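There are 2 protein chains.
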Amino acid sequence: MVMFLHHRLDPASRLIRLMCAEYGAPLNMSEVSPWKREAEFTAISPAATLPILIEQGAAPIVGPLATIHYIEQNHAPTTVSGLIPAEPATQGEMWRIIEWILFKLNDEVTRYVLEEKIGKRERKQGSPDTAVLRAAKANLSEHLLYFNWILGSRTWTVGEEISLADFALAAHLSTLDYLGDMDWASAGEVRNFYSRMKSRPSFRPILADRLIALPPSQHYANLDF
Amino acid sequence: MVMFLHHRLDPASRLIRLMCAEYGAPLNMSEVSPWKREAEFTAISPAATLPILIEQGAAPIVGPLATIHYIEQNHAPTTVSGLIPAEPATQGEMWRIIEWILFKLNDEVTRYVLEEKIGKRERKQGSPDTAVLRAAKANLSEHLLYFNWILGSRTWTVGEEISLADFALAAHLSTLDYLGDMDWASAGEVRNFYSRMKSRPSFRPILADRLIALPPSQHYANLDF
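From first to last, the protein sequence lines stand for chains A and B. Residues 7 to 231, numbered by our numbering, are exactly what the first sequence covers, in order. Residues 7 to 231, numbered by our numbering, are exactly what the second sequence covers, in order.
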């Protein structure tokens with residue numbers, strides 16, 4: 007079984023957990039805090055990115071892009087259809103949306119919220135900076151408007167078939183929801199989308215995640231929110 | 007022939023030009039300024055990312071990740087070996103380094119330098135902010151230390167074979183060098199690496215690039231710098 011270094015609220019780690027659950031690939035999970043930047047961890051991941059896959063006797067696979075490709079090439083099912091569309095234009099759209107979520111949404115929203123609410127706590131550096139959280143919230147509204155618009159004309163973020171991009175978006179939404187940063191009343195189509203994602207069996211372990219020192223928002227695990 | 011929307015100093019566009027030149031895939035190039043955010047452009051690329059590939063009758067392929075996968079799947083040579091390693095751990099390392107360059111190096115260095123030196127000029131918004139350029143320069147030193155360390159133990163950024171990651175790094179270095187932001191005297195192994203990359207035939211069109219209003223640094227096109 008592949009050893010999987012992750013943090014339970016890290017959205018890239020959640021994406022890979024969801025991908026593996028959909029593919030029926032078991033993971034031997036081990037938790038690490040990327041915010042503490044411990045020497046043992048940054049020796050493997052100098053940019054402090056998660057997740058990390060380690061197969062015995064092989065070099066580690068580090069970060070979301072490397073992990074996605076590794077799982078797709080070595081653990082994708084052969085009997086059911088995968089999460090990466092074969093049709094070139096649809097696959098192109100999937101990578102565009104994944105790039106948006108993993109790097110733009112993350113850099114403008116999720117990364118800041120995690121650093122302020124978990125990173126600072128784990129390093130015992132005081133309370134969140136409300137100015138940073140306000141900026142992240144304003145950025146999040148813009149991102150939700152965009153995905154609301156996308157989902158107004160498509161069943162899933164990339165088209166009529168579910169793809170890895172949907173799990174990437176749901177992973178970020180789930181982290182933000184855990185931390186109480188999702189305003190579902192104004193999320194429009196994104197709320198319907200997340201409701202469908204939340205109901206999938208692959209999502210159950212994500213909804214059962216708890217940080218002892220930081221309980222989730224009240225409706226976090228409710229399928230009806 | 008594929009229509010290719012790019013900017014001649016955009017590092018992601020340069021990466022794809024290099025990849026296509028190595029693969030012998032011709033591109034029908036058309037230039038656009040991502041910094042002006044013209045409505046016609048953001049309608050295709052809402053995040054204002056480049057490059058963009060358009061094949062007649064198909065939906066556009068937008069941004070570096072989508073473009074890399076599209077070229078690899080539809081235009082990779084079958085007679086010579088490609089730029090994406092087949093061995094899983096080596097390919098994983100390639101994606102880790104590509105993620106670092108396209109998103110970390112870009113977000114901490116190249117993006118700022120381009121915005122200050124070209125974006126502001128193109129939008130007629132005055133001169134570069136020297137505080138921002140100083141911060142980018144300090145970040146660049148850290149990145150160069152890292153790649154200097156990497157290249158101290160490997161022939162190429164990922165291992166003993168050249169890969170797409172090398173073209174990604176060379177694309178960023180070439181943009182920074184054009185703009186006079188590379189301090190080669192302190193670049194160590196990175197300088198030897200760039201010298202090897204610069205000598206490849208695929209690099210010639212990049213070295214011939216000129217912005218009329220902004221000439222390159224003196225040694226930009228010299229193979230001996």
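Ideal Cβ positions, reconstructed from N, Cα and C, are used throughout, including at glycine. Please read these numbers as outputs of a predicted model, since none were measured by experiment.
Please list the residues of the stretch 56 to 78 of chain A that have a C-beta atom closer than 9 Å to any C-beta atom in chain B, keeping them in chain order. L59, E61, A64, A65, P66, I67, V68, G69, P70, L71, A72, T73, I74, H75 and Y76
For B:S36, which three-state DSSP category applies? The sequence position of residue 36 of chain B within the second sequence is 30, counting from 1. Here B:S36 sits in strand by DSSP.
Which partner residues of A:F10 appear in the DSSP bridge assignment? Along the first sequence, read from residue 1 onward, the residue named residue 10 of chain A stands at position 4. Beta-bridge pairing links A:F10 to A:M35 and A:L59.
What would DSSP say about B:V164, mapped onto helix, strand or coil? Here residue 164 of chain B is taken as the residue at index 158 of the second sequence, counted from 1. Here B:V164 sits in coil by DSSP.
Nearest residue (CA-CA) to B:Y29, options B:D230, B:S208 and B:W106: Counting from one through the second sequence, the residue named residue 29 of chain B turns up at place 23. Minimum Cα distance to B:Y29 is reached at B:S208.
Using the Cα positions of B:Y152 and B:A18, report the straight-line distance between them to the nearest angstrom. In the second sequence, the residue the question calls residue 152 of chain B occupies position 146. In the second sequence, the residue the question calls residue 18 of chain B occupies position 12. Answer to the nearest angstrom: the Cα atoms are 20 Å apart.
Assuming B:A95 contacts A:A64 under a Cβ cut-off of 8 Å, what Cβ separation, rounded to an integer in Å, is found between them? The residue given as residue 95 of chain B occupies position 89 in the second sequence. The residue given as residue 64 of chain A occupies position 58 in the first sequence. Yes, they are in contact, since the Cβ atoms of B:A95 and A:A64 sit about 5 Å apart, within 8 Å.
Can you give me the Cβ contacts of A:V196 inside the same chain, cut-off strictly under 6 Å, excluding the 5 residues immediately before and after it? Indexing the first sequence from 1 puts residue 196 of chain A at position 190. The residues are L150, F153 and N154.
Secondary structure of B:L146, DSSP reduced to three states: Residue 146 of chain B sits at position 140 when you count from the first residue of the second sequence. Three-state DSSP puts B:L146 in a helix.
Answer with buried or exposed for B:K130, where buried requires no fewer than 16 other C-beta atoms within 10 angstroms of its C-beta. Taking the second sequence and counting its residues from 1, one reaches residue 130 of chain B at position 124. Counting Cβ neighbours within 10 Å, B:K130 comes out exposed, since fewer than 16 surround it.
For the pair the stretch 124 to 144 of chain B and the stretch 70 to 90 of chain B, tell me if three or more CB-CB distances fall below 8 Å. no
Hey, quick one: how far does the alpha helix (DSSP H) through A:Q131 stretch, first residue to last? Counted from its first residue, the first sequence places residue 131 of chain A at position 125. Where A:Q131 is concerned, there is no enclosing alpha helix (DSSP H), given that its DSSP letter is neither H nor E.
I need the straight-line Cα distance from A:Q45 to A:L56, nearest angstrom please. Position 39 of the first sequence, counting from 1, holds the residue named residue 45 of chain A. Position 50 of the first sequence, counting from 1, holds the residue named residue 56 of chain A. Checking the sequence shown, residue 45 of chain A turns out to be Ala, not Gln. A:A45 and A:L56 have their alpha carbons spaced roughly 15 Å apart.
Between the stretch 100 to 129 of chain B and chain A, which residues of the former have a C-beta closer than 7 Å to a C-beta of the latter? Cβ contacts with chain A: W101, R102, I104, E105, W106, F109, K110 and D113.
At 3 residues or longer, and completely inside the stretch 53 to 124 of chain B: list those beta strand (DSSP E) runs for me, N to C. 58 to 60
Is A:L217 helix, strand or coil by DSSP? As a first step, residue 217 of chain A is located in the first sequence; it is residue number 211 there, counting from the start. Of the three classes helix, strand and coil, the one that applies to A:L217 here is strand, per DSSP.
Taking Cβ positions, are B:F173 and B:L15 nearer each other than 8 Å? Position 167 of the second sequence, counted from the start, is the residue given in the question as residue 173 of chain B. Position 9 of the second sequence, counted from the start, is the residue given in the question as residue 15 of chain B. No, these two residues do not count as a Cβ contact at 8 Å.
Given A:A156, which residues of its chain have a CB within under 7 Å of its CB, disregarding the five upstream and five downstream residues? If you number the first sequence from 1, residue 156 of chain A lands on position 150. The sequence given here has Ile at residue 156 of chain A, not Ala. Excluding positions up to five away in sequence, the list reads T163.
Which of helix, strand or coil DSSP assigns to B:E46: One-based indexing of the second sequence puts residue 46 of chain B at position 40. Three-state result, B:E46: helix.
Please list the partners that A:N154 has in chain B, where partner means a Cβ-to-Cβ separation under 8 Å. By one-based count along the first sequence, residue 154 of chain A stands at place 148. The premise fails here: A:N154 is roughly 13 Å from chain B at the closest Cβ pair, so nothing lies under 8 Å.
Hey, quick one: how far does the alpha helix (DSSP H) through A:L182 stretch, first residue to last? Numbered from 1 along the first sequence, position 176 holds the residue referred to as residue 182 of chain A. Counting along the chain, the alpha helix (DSSP H) containing A:L182 begins and ends at L170 to Y184.
Output yes if chain B places a C-beta closer than 8 Å to the C-beta of A:G158; else output no. Within the first sequence, residue 158 of chain A is the residue found at index 152, counting from 1. So, not an interface residue.
Please state whether DSSP places A:S5 in a helix, a strand or coil. This structure cannot speak to residue 5 of chain A, because chain A is shown only from 7 to 231.
Does any C-beta atom of chain A lie closer than 8 Å to the C-beta of B:A53? As a position in the second sequence, residue 53 of chain B is number 47, starting the count at 1. Yes, B:A53 lies at the interface with chain A (some Cβ there is under 8 Å from its Cβ).
CB-CB under 6 Å to A:A191, same chain, minus the five flanking residues each way: which ones, in chain order? The count along the first sequence starts at 1 and reaches residue 191 of chain A at position 185. Same-chain partners within the cutoff: there are none.
Rounded to the nearest angstrom, what separates B:M100 and B:S39 at their Cα positions? Numbered from 1 along the second sequence, position 94 holds the residue referred to as residue 100 of chain B. Numbered from 1 along the second sequence, position 33 holds the residue referred to as residue 39 of chain B. Straight-line Cα distance between these residues: approximately 29 Å.
Give a yes or no on whether 8 Å exceeds the smallest Cβ distance from B:A95 to chain A. Numbered from 1 along the second sequence, position 89 holds the residue referred to as residue 95 of chain B. At least one chain A Cβ lies under 8 Å of B:A95.
Locate the alpha helix (DSSP H) running through B:F199, then write down its first and last residues. Taking the second sequence and counting its residues from 1, the one referred to as residue 199 of chain B is at position 193. That run of the alpha helix (DSSP H) goes E195 to K204.
Compute the distance between the beta-carbons of B:S201 and B:I90, then report whether it is under 8 Å. Locating residue 201 of chain B in the second sequence gives position 195, where the first residue counts as 1. Locating residue 90 of chain B in the second sequence gives position 84, where the first residue counts as 1. No, they are not a contact pair.
If we call anything under 8 Å between Cβ atoms a contact, is A:L213 one with A:A227? The residue labelled residue 213 of chain A in the question sits at position 207 within the first sequence. The residue labelled residue 227 of chain A in the question sits at position 221 within the first sequence. Cβ distance < 8 Å, so A:L213 and A:A227 count as in contact.
Under 9 Å from the C-beta of A:N80: neighbouring residues of chain B: For the purposes of this step, residue 80 of chain A is taken as the residue at position 74 of the first sequence. Going along chain B in sequence order, the residues near A:N80 (Cβ under 9 Å) are P94.
Considering only their Cβ atoms, is the gap separating A:I67 from B:G241 smaller than 8 Å? Since the first residue shown for chain B is 7 and the last is 231, residue 241 of chain B is missing from the structure and cannot be characterised.
Whole-angstrom Cβ separation of A:F109 and B:F109, contact assumed at under 8 Å? Here residue 109 of chain A refers to the residue found at position 103 when the first sequence is read from its first residue. Here residue 109 of chain B refers to the residue found at position 103 when the second sequence is read from its first residue. Between B:F109 and A:F109 the Cβ distance is about 5 Å, and since that is below 8 Å, they are a contact.
Against chain A, does B:G98 count as a neighbour if the rule is that its beta carbon must be under 8 Å from one of theirs? What you label residue 98 of chain B is simply residue 92 of the second sequence in a count that begins at 1. With 8 Å as the cut-off, B:G98 counts as an interface residue toward chain A.
Residues in the same chain with beta-carbon distance under 7 Å from B:D250, minus the five sequence neighbours each way, listed in chain order, please. Nothing can be reported for residue 250 of chain B: it is not among the residues displayed for chain B, which extend from 7 to 231.
Separation of A:D189 from A:L21, as counted between CA atoms: Within the first sequence, the letter at position 15 stands for residue 21 of chain A. Within the first sequence, the letter at position 183 stands for residue 189 of chain A. Cα-Cα distance, rounded: 22 Å.
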